[in-house]
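There are 2 protein chains.
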Amino acid sequence: MVSEQIVERPLVSITNVIFSFDTVTKQLLVLLLQRSQAPFMGAWGLPTTTLRSNESADAAALRLVKEKLGVHLTSNQTEQLGTFTNVGRVPGQRTLALTYMVYLPVKPALIPGAGARAVRWFAVTPRTDRDDLVAGDLSFTGLTDDVSAADFYQRERGTTQLAADHALIVKTALQRVRNRLNYAPTILRVLGVSFTLKRARELYALLERRSVSQIDNSNFRKTHGHLFEQVGFVRGNGSGRPARVYRLKD
Amino acid sequence: MVSEQIVERPLVSITNVIFSFDTVTKQLLVLLLQRSQAPFMGAWGLPTTTLRSNESADAAALRLVKEKLGVHLTSNQTEQLGTFTNVGRVPGQRTLALTYMVYLPVKPALIPGAGARAVRWFAVTPRTDRDDLVAGDLSFTGLTDDVSAADFYQRERGTTQLAADHALIVKTALQRVRNRLNYAPTILRVLGVSFTLKRARELYALLERRSVSQIDNSNFRKTHGHLFEQVGFVRGNGSGRPARVYRLKD
DNA sequence: ACCTTAAAGGTATAAAATACCTAAAACAAA
DNA sequence: TTTGTTTTAGGTATTTTATACCTTTAAGGT
């Protein structure tokens, strides 16, 4: 456990892929901020902090959300994604990234804090062969689907790309989210603690790169119904019968 | 990325769950060693080393295998499992564990190295509600299936248990291995670069807690055949038609 | 020649997923 | 009260996939 040989200890950072949902435009969002410090000054990247001696990585991920967005979350709204340790991933000090996925049940107002020139929600925009992150005039190609992690670090990366290996981290996150859709769709937490099946189908459609109409209401209940449980009714949200409200089981 | 605030940096360790297979007894094995140093002196635990400044965590996991077993592996025989960061997981210095799963295609002879009083292969022994690790007179209860990670650190742990949170790590590894059986059964690498479908079914039976006869040969080909590709024939290994040899696709 | 074991194919049934449909419920607005 | 809208909640028919079970052949051993 504790090998007493002297090694220079790396800096341990926590990096979050924070997901939210825009109920108006029906877009899945990821939070990026524009760095105002070296390294990667001016570049857009994922929110990051440094692990403190008295907190677990999970706690640090929650603290990071609190600091950047003022939102207090509990641990079932985060999931460990992976640890990125490539030696050259950040210039200067050796830095490890312990990464987490965070599902925000609200879409809070954004105020650039310390270390950030700007902060924005980027819409996850699935293309046929990749995902893009789009916010108005700004756009990042998450990563082409078929590029392996090993290849990623070999590539030249331009100034119009995300800081460090954050494109790889986002790609990994989306992969994980898609894998889980059929047995543990925790991404649905971005819809709030409870949600209608309509909304759930919209999110599935987006991530599975198909249109909402391609996901049959009746069949969706049959195949995914066991993942949800009912909590009550919604207030009439317009015309038509109000949709029933569900939450994730377990 | 680099927050310049002064924090005490944790020790970053690499911990491996090394799997192998005994072709005679048809047992899935995990390597444990008995520690000869504090902390947890005398306790059995997973092989661990400290991350060096000039290597990635993946490289360190491979180095650890080389140091403990003298076997040189390449990166497609390891997979990141997760990072364990609970503040109290190790007494003394704050220590993070970056954990990997390693699939050994051979079962090398064991020599206790530095820091170890003994080293042994433990058979993964599935029970109805848990898995045990068994080596002759020694036995450890991996962990009861229904104990969550959060609960794990709350519990009192006796001296007859694995060091630190290694029981939790092993449990997590077995969970992962089982999840992947139907789409990416990398655990089959313990059978070597190539293997017969008979052997594959034996390993599936073990992990799915059923008998080999319950897994129909013909059906197994139909449902899992797409995961394998043929490489040739084996030499006659006894009586009967020699089994064809396959390897994992992709 | 005979035994053994895996390969390689088959069929019949069961279970799951999908396409498509109907009727009722619950509201808003005319 | 009637009409329109949208979801609920159920249905059936078809297709696909998984499972149980069986037969024949291949390729070795003795």
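Here the protein sequences line up with chains A and B, keeping their order.
Residue numbering for the first sequence follows the numbering used here, beginning at 4 and increasing consecutively.
Residue numbering for the second sequence follows the numbering used here, beginning at 4 and increasing consecutively.
Heads up, the beta-carbon is just placed ideally off N, CA and C, and yes, glycines get one too.
For the stretch 35 to 60 of chain A, the residues whose beta carbon sits under 9 Å from a beta carbon of chain B are, in order, 38, 40, 41, 42, 43, 48, 51, 52, 53, 54, 55, 56, 57, 58, 59 and 60. Residue 26 of chain B and residue 156 of chain B have their C-alpha atoms roughly 36 Å apart. Between the alpha carbons of residue 70 of chain B and residue 46 of chain A lies a gap of roughly 41 Å.
Residue 125 of chain A places its beta carbon 9 Å or farther from that of residue 112 of chain A. The C-beta of residue 48 of chain A has 16 or more other C-beta atoms within 10 Å across all chains shown, which makes the residue buried. Less than 9 Å divides the Cβ of residue 34 of chain B from the Cβ of residue 123 of chain B.
Proximity of chain B to residue 15 of chain A at the Cβ level (cut-off 8 Å) is accounted for by 12, 13, 15 and 99, in chain order.
Within the stretch 71 to 99 of chain A, the residues whose Cβ lies closer than 8 Å to any Cβ of chain B are, in chain order, 78, 83, 85, 86, 88, 89, 90, 93, 95, 96, 97, 98 and 99.
Using beta-carbon distances, residue 119 of chain A does not count as an interface residue toward chain B, since no partner is under 9 Å. Residue 191 of chain A sits close to residue 251 of chain A, with the two beta carbons spaced by under 9 Å. Excluding its 5 nearest sequence neighbours in each direction, residue 39 of chain B has C-beta neighbours in its own chain below 7 Å: 118, 119 and 120, listed in chain order. Each of B/159, B/153, B/169 and B/58 was checked against the Cα of residue 143 of chain B, and the nearest Cα belongs to B/169. Short of 6 Å from the beta carbon of residue 15 of chain A, and not among the five residues preceding or following it, lie these beta carbons of its own chain, in chain order: 54 and 99. In terms of Cβ geometry, residue 176 of chain B and residue 84 of chain B form a close pair [threshold 9 Å]. Residue environment analysis places residue 232 of chain A among the exposed positions, since fewer than 16 neighbouring C-beta atoms fall within 10 angstroms of its C-beta. Taking the Cα of residue 57 of chain A as reference, the smallest distance to any Cα among B/172, B/76, B/88 and B/50 is reached at B/88.
For residue 33 of chain B, the uninterrupted beta strand (DSSP E) segment begins and ends at 30 to 38. Counting along the chain, no beta strand (DSSP E) covers residue 96 of chain A, and no H or E run does either. In terms of Cβ geometry, residue 32 of chain B and residue 196 of chain B do not form a close pair [threshold 9 Å]. Per DSSP, the continuous alpha helix (DSSP H) segment holding residue 154 of chain B begins and ends at 152 to 155. The Cβ-Cβ distance between residue 78 of chain B and residue 65 of chain B falls below 9 Å. The residue among B/91, B/235 and B/11 with its C-alpha nearest the C-alpha of residue 159 of chain B is B/91. Taking the CA atoms as reference points, residue 186 of chain A sits about 42 Å from residue 115 of chain B. Residue 12 of chain A carries a coil assignment under DSSP once its states are collapsed to helix, strand and coil. Rounded to whole angstroms, the gap between the alpha carbons of residue 188 of chain B and residue 148 of chain A is 21 Å. Using a Cβ-Cβ cut-off of 9 Å, residue 208 of chain A does not count as an interface residue toward chain B, since no Cβ of chain B sits closer than that to its own.
Secondary structure within the stretch 77 to 128 of chain B: the beta strand (DSSP E) runs of 3 or more consecutive residues, fully enclosed, are 81 to 87 and 98 to 106 (chain order). If the five residues before and after residue 133 of chain A are omitted, its C-beta is found closer than 8 Å to the C-beta atoms of 144, 145, 146, 147 and 148, all from its own chain and listed in chain order. Residue 164 of chain A carries a coil assignment under DSSP once its states are collapsed to helix, strand and coil. At a cut-off of 9 Å, the C-beta of residue 153 of chain B has a neighbouring C-beta in chain A. Only exposed fits residue 236 of chain B, as fewer than 16 other CB atoms lie within 10 angstroms of its CB. Under the DSSP assignment, residue 207 of chain B falls in the alpha helix (DSSP H) whose first and last residues are 200 to 210. By the neighbour-count criterion, in which a residue is buried when 16 or more other Cβ atoms sit within 10 angstroms of its Cβ, residue 18 of chain B is buried. DSSP lists A/126 and A/142 as the beta-bridge partner residues of residue 137 of chain A. Rounded to whole angstroms, the separation of the alpha carbons of residue 206 of chain A and residue 28 of chain A is 12 Å.
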